[in-house]
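Colleague:
Numbering (the numbering used here), first residue to last: 3 to 307.
Here it is, written out as structure tokens:
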């Protein structure tokens, strides 16, 4: 086992557990390594399930030897409260046999914020991925808006876009009509099935394991030709921008500073709409897109352990 005196950056590991994927990020003699595995959310599943996902991911990386008690920081989706973080911390110590002093568990928002704002905590982080939320930190004090989770809804998220597209399709089926977007969604969900009805859609989207966020890329692609798709995305981004402005008003920053991260921000059409929604409400705002993954922020925290 490595002694405290002999520890280097090579024994630090950053882990970001998102709703869709888990990223394990670490450094070797040959450079930085990123590995991806299935994701999970501790509010949708359980801390023991997510701990197992993390442990399996670590054990799948041949370069990582848990017996050397590496320093690990985990940022997990759904772990936004102290009690959830403590539960996941205990599960991970039990599953990995890590020394507690070498493990940190925090929220996915915290590690994403660390990655986005290099060298400081000044600014509002907007996460738009499977879920969404807006976060800032003042002297380690969390200021948040949104990030309520799938049950209450995360505007501008993959899930919320998927549900909005699904509601659009259901409304058209009930009315006995189909516009271009409804046809696109129906084909994606049911293929060439004729005379689909509401029950066909409901049976599919409510079946166990169905990911409604899978509809988000279809909706975003439809923006190229569908005015309705653009309107749906614009309304979702408007709500997300309003959340971000609620936080920005509490920070002593002029102009407002926003950093965008999450899988949806890699789609140019979505990024344009969200940026426009922010600029319309804060014309002088500084808006950037984070070029670093949340797992890189987790690695920085791990190095501090």
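Note that CB positions come from ideal geometry on N, CA and C, so glycine has one too. Since the model is a prediction, treat every value here as computed from it, not as a measurement.
Rounded to whole angstroms, what is the Cα-Cα separation between residue 226 and residue 219?
Modeller: For residue 226 and residue 219, the distance between alpha carbons rounds to 12 angstroms.
Colleague: Could you give the DSSP three-state label for residue 40: helix, strand or coil?
Modeller: Strand, per DSSP.
Colleague: Taking 8 angstroms as the threshold, find out whether the segment 93-100 comes into contact with the segment 238-246 through three or more Cβ pairs.
Modeller: With the cut-off at 8 angstroms, the segment 93-100 and the segment 238-246 do not touch.
Colleague: In the DSSP assignment, find the beta strand (DSSP E) that holds residue 75 and state where it starts and stops.
Modeller: Residue 75 -> beta strand (DSSP E) spans 73-78.
Colleague: Going by beta carbon distance, what residues of the same chain come within less than 8 angstroms of residue 200, once the five residues before and after it are set aside?
Modeller: The answer, listed in chain order, is 172, 175 and 176.
Colleague: In chain order, what residues of the same chain have a beta carbon less than 7 angstroms from the beta carbon of residue 232, not counting five sequence neighbours either side?
Modeller: Excluding residues within five positions, the ones whose Cβ falls inside 7 angstroms are 225.
Colleague: Where does residue 262 sit, in a helix, a strand or coil, going by DSSP?
Modeller: Strand, per DSSP.
Colleague: Taking the C-alpha atoms as reference points, what is the distance between residue 55 and residue 297?
Modeller: One C-alpha to the other measures close to 15 angstroms.
Colleague: For residue 173, report the span of its alpha helix (DSSP H) as first-last.
Modeller: Residues 160-177.
Colleague: Any chance the segment 256-265 sits against the segment 147-157, with 3 or more Cβ pairs inside 8 angstroms?
Modeller: Output reads no: the segment 147-157 does not touch the segment 256-265.
Colleague: Taking the C-alpha atoms as reference points, what is the distance between residue 63 and residue 35?
Modeller: Cα to Cα, the separation comes out at about 10 angstroms.
Colleague: For residue 246 and residue 46, what's the separation of their Cα atoms in angstroms?
Modeller: C-alpha separation (whole angstroms): 24 angstroms.
Colleague: What does the alpha-carbon distance come out to for the pair residue 48 and residue 93?
Modeller: Cα to Cα, the separation comes out at about 10 angstroms.
Colleague: Grouping DSSP H, G and I as helix and E and B as strand, with all else coil, what is residue 101?
Modeller: Correct three-state label for residue 101: coil.
Colleague: With 16 other CB atoms within 10 Å as the buried threshold, where does residue 189 fall?
Modeller: Residue 189 is exposed by the Cβ-count criterion.
Colleague: Do residue 236 and residue 275 have their C-beta atoms within less than 7 angstroms of each other?
Modeller: Yes, they are a contact pair.
Colleague: Over the uninterrupted beta strand (DSSP E) stretch that includes residue 28, give me the two end residues.
Modeller: From DSSP, the beta strand (DSSP E) with residue 28 extends over 23-30.
Colleague: Which class does residue 202 belong to by DSSP, given the choice of helix, strand or coil?
Modeller: The answer is helix: DSSP assigns residue 202 an H, G or I state.
Colleague: Assign residue 48 to one of three DSSP states: helix, strand, or coil.
Modeller: Residue 48 falls in the coil class under three-state DSSP.
Colleague: Determine the DSSP secondary structure at residue 227, reduced to helix, strand or coil.
Modeller: Note: residue 227 maps to coil in three-state DSSP.
Colleague: What does DSSP give as the partner residue(s) for residue 141 in the beta ladder?
Modeller: Beta-bridge pairing links residue 141 to no other residue.
Colleague: Just checking, does the segment 9-19 make contact with the segment 68-81 on the three C-beta pairs under 8 angstroms criterion?
Modeller: With a cut-off of 8 angstroms, the segment 68-81 and the segment 9-19 count as touching, because enough Cβ pairs lie within range.
Colleague: With which residues is residue 239 paired in a DSSP beta bridge?
Modeller: Looking at the DSSP assignment, residue 239 forms no beta bridge with any residue, so it has no partner.
Colleague: Is the segment 203-218 touching the segment 108-124, taking contact as three or more C-beta pairs under 8 angstroms?
Modeller: Judged by Cβ distances under 8 angstroms, the segment 203-218 makes no contact with the segment 108-124, as fewer than three pairs qualify.
Colleague: DSSP puts residue 287 in a beta bridge; with which residues?
Modeller: BP columns for residue 287 are empty, so no partner.
Colleague: Please classify residue 160 as buried or exposed, where buried requires at least 16 other C-beta atoms within 10 Å of its C-beta.
Modeller: With 16 or more Cβ atoms within 10 Å of its Cβ, residue 160 is classed as buried.
Colleague: Helix, strand or coil: how does DSSP classify residue 33 here?
Modeller: Strand at residue 33.
Colleague: How long is the line joining the alpha carbons of residue 187 and residue 217, rounded to whole angstroms?
Modeller: The alpha-carbon atoms of residue 187 and residue 217 are separated by roughly 8 angstroms.
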